[in-house]
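If you're matching positions, the sequence shown starts at 52 in our numbering and goes up one per residue. The beta carbon of each residue, even a glycine, is placed where N, CA and C say it ideally should be. Please read these numbers as outputs of a predicted model, since none were measured by experiment.
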Amino acid sequence: MPASSLLPRPTEAHATAGHFTLGPRTCLRIGEGAEPAARLLRTLLAPATGLPLHPADDATVTLTLDRTLTDLGDEGYGLTVAPQAVLLRAAQPTGLLRGVQTIRQLLPPPALAASPQRGVRWSLPCVEITDVPRHRWRGAMLDVARHFQPVSYLRRYVDLLALHKINVFHLHLTDDQGWRMPVAAYPKLTEVGGLRARPDGAPHGGAYTRSELAGLVAYAAERGITVLPEIEMPGHVRAALAAYPHLGNRPDRALDVWTRWGVCDTVLGVHEEVFDFCRTVLEEVMDVFPSPYVHIGGDECPVTEWEESPQARACAREAGLSGPAALHGWFLGRVGAFLVRNGRRPVGWAETGTELPDGFTVLAWRDPAHARAAAARGHDVVNAHHRATYFDYPLSDGPQEPPGQPGAVVGLRDVHAHDPVPAGADPDTAARVLGAQAQLWTEYAATPARLEYLTYPRLCALADRTWSGPTSWTDFRSRLDRHTARLDALEVSRHP
Ligand code: ACM
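The following block contains the structure:
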């Protein structure tokens, strides 16, 4: 496939004459530190091509690290395809992993298939590419709390993200309707909190094992993707409270794992046992997930229970707060400080952009003005504006759309036009915007086919915007038309 079909679009690509063809005798020259990229290239190409790509010192395909190429940053790479040789260079190992995905896209689309493809010439068009991402946070969130997905499917999800050079896979692991993260000290979180009754059918449930999650983290790392764990607090915790009612504001009350969608007003209490719980859970999370960032939710936390609780009111008074509503920021501040003491950076959803404690990285979802406000306050910001990045919203208001999340339509054009840097941002504010992220909440999406229908091709547009910066709609469309053959080879579902 020509370089003009690459998605995301590389920073610079100059087509030159001729082709390089990979065959059974093609070998790899693997520079020091390039082994992970060589392994990934073999792993990705083996199922369809059967090419062994053995190592050899006189090989025609070279993968090499050159730490002096600092302009390429952590993820950039240079790729030269000439008739007799291929050279992939980067300053850092992750850059080589990104370049491997480009090599894969330059091959004919059957190279992406999961089964042997016969009679295909595995040719790459000659080209000179220099490619550096525009934004350093290019994320995709999957909500596995509302509908659980097995880890085998999460690996496929990661594979598809990697093809698009997405670098953060945000796993929404807990919510009112399900708790999926195992915590040894609190086994009922998954035993009780992992299972939800369904008034109209069999219960829905599932939880990961620690080794499954550790395996997923390693699998993603081999593809240059960080798995960002999210444990919701102090709201969106009904599943945890079903397991351990004493962590709530009314320990005498038995709660079920919530069977409705929306915002639930049961929230964590603010007594010391709750903070012991949060620390223990997050210690386990930090053990499993090496991500420098840990997301602790923070969104949609009604304060009615705190207002009604004498203990919470007293706690607010003792902490010198203006009232129980201020417990939200106080709570997140305490837990955030714990993460910081452990060398991690807390992340939260912003409701206004100015309410999260200092030091939080902010996912601004409600309004671009919140992204601007948070950045102006000194937060690092990821722009997750729902009208451009909520992929649970329908793609159009056409009759073919399945029933889904009520809300605004998020069309492909909306995603393509989504500038991570909010309009009106001054240069200092703009510098605090790390990038953008897609969200797939799963109240109305239970099956892999549905998840993929909602994710693609909208994620292609988000990947393009965050890696390449603004591209013209016509250019994006024409690349996407050709990229569709790759998604088809990967059997990405186009139907809900
Ligand atoms: C959110 O949509 N509640 C982050």
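Asked, Found
"So, valine 288 versus leucine 264, is the Cβ gap smaller than 7 Å?", "no"
"By the three-class DSSP mapping on this structure, what secondary structure does histidine 437 have?", "helix"
"Can you determine whether any heavy atom of the ligand SAH sits closer than 6 Å to the C-beta of tryptophan 416, and answer yes or no?", "In the structure on display, the ligand SAH does not appear, and the ligands it does have are the ligand ACM."
"Is leucine 513 helix, strand or coil by DSSP?", "helix"
"If you draw a straight line from the C-alpha of proline 408 to the C-alpha of alanine 294, how long is it?", "29 Å"
"For alanine 468, which of Tyr504, Pro445, Ala514, Ala496 has the nearest alpha-carbon?", "Ala514"
"Looking at the structure shown, is glutamine 152 part of a helix, part of a strand, or coil, going by DSSP?", "helix"
"Taking Cβ to Cβ, would you say proline 471 is nearer than 7 Å to histidine 221?", "no"
"Do alanine 258 and threonine 241 come within 7 Å of each other at the CB atom, strictly closer than that value?", "yes"
"To the nearest angstrom, report how far apart glutamate 542 and glutamate 324 are at their CA atoms.", "48 Å"
"Return helix, strand or coil for glutamine 362, following the three-state DSSP convention.", "helix"
"Under the rule that 16 or more other beta-carbon atoms within 10 Å means buried, what is glutamine 362, buried or exposed?", "exposed"
"If we count the other Cβ atoms within 10 Å of its Cβ and call it buried at 16 or more, is histidine 105 buried or exposed?", "exposed"
"Let me know the beta strand (DSSP E) ranges lying completely inside the region 400-451, each 3 residues or longer, listed in chain order.", "412-415, 432-434"
"Whose C-alpha, out of His546, His430, Thr498, is nearest the C-alpha of proline 508?", "His546"
"Could you tell me how far apart the beta carbons of alanine 425 and valine 413 are, in whole angstroms, since I believe they sit closer than 8 Å?", "4 Å"
"Are the region 201-218 and the region 173-181 touching by the rule of at least three beta carbon pairs closer than 8 Å?", "no"
"So, at 6 Å on beta carbons, what are the nonlocal neighbours of glycine 190 in its own chain, with the 5 sequence-adjacent residues on each side left out?", "Val219, His221, Gln488"
"Just the C-alpha distance for alanine 548 and aspartate 316, rounded to the nearest angstrom, thanks.", "Given that the chain is displayed from residue 52 to residue 547, the structure contains no residue 548 and the question cannot be resolved."
"Measuring straight from C-alpha to C-alpha, what distance separates alanine 474 and glycine 462?", "20 Å"
"Closest to histidine 534 by CA distance: which of Thr517, Leu139, Leu510, Gly520 is it?", "Leu510"
"In the DSSP assignment, what residue or residues form a beta bridge with valine 345?", "Pro397"
"On the three-state DSSP scale, how would you describe methionine 232?", "coil"
"Considering tyrosine 295, what are the terminal residues of the alpha helix (DSSP H) in which it resides?", "Unbroken run through tyrosine 295: none, as it is neither H nor E."
"Report yes or no: do the region 228-240 and the region 327-340 share at least 3 C-beta pairs separated by less than 8 Å?", "yes"
"Which residues in the same chain have their Cβ closer than 6 Å to the Cβ of valine 2, if we skip the five residues on either side of it in sequence?", "Here the chain comprises residues numbered 52 to 547, so residue 2 is not present and cannot be evaluated."
"Shorter than 6 Å, the distance from the beta carbon of glutamate 351 to the closest heavy atom of the ligand ACM, or not?", "yes"
"What span of residues does the alpha helix (DSSP H) with glycine 190 cover, start to end?", "Per DSSP, glycine 190 belongs to no alpha helix (DSSP H); it is in the beta strand (DSSP E), 188-194."
"Give the secondary structure of phenylalanine 71 by DSSP, where H, G and I count as helix, E and B as strand, and everything else as coil.", "strand"
"To which residues of the same chain is cysteine 352 closer than 8 Å at the C-beta, ignoring the five residues directly before and after it?", "Pro285, Gly286, His287, Val318, His379"
"Return the first residue and the last residue of the beta strand (DSSP E) that serine 55 is part of.", "Looking at the DSSP string, serine 55 is not in any beta strand (DSSP E), and its letter there is neither H nor E."
"To the nearest angstrom, how far is it from the Cα of alanine 85 to the Cα of leucine 147?", "7 Å"
"Is the separation between the beta-carbon of leucine 163 and that of arginine 530 shorter than 7 Å?", "no"
"For the ligand ACM, any of its heavy atoms closer than 6 Å to the Cβ of tryptophan 312?", "no"
"Any chance the CB of tryptophan 309 is under 6 Å from a heavy atom of the ligand ACM?", "no"
"When you compare only the Cα positions, how much space is there between leucine 372 and tryptophan 381?", "8 Å"
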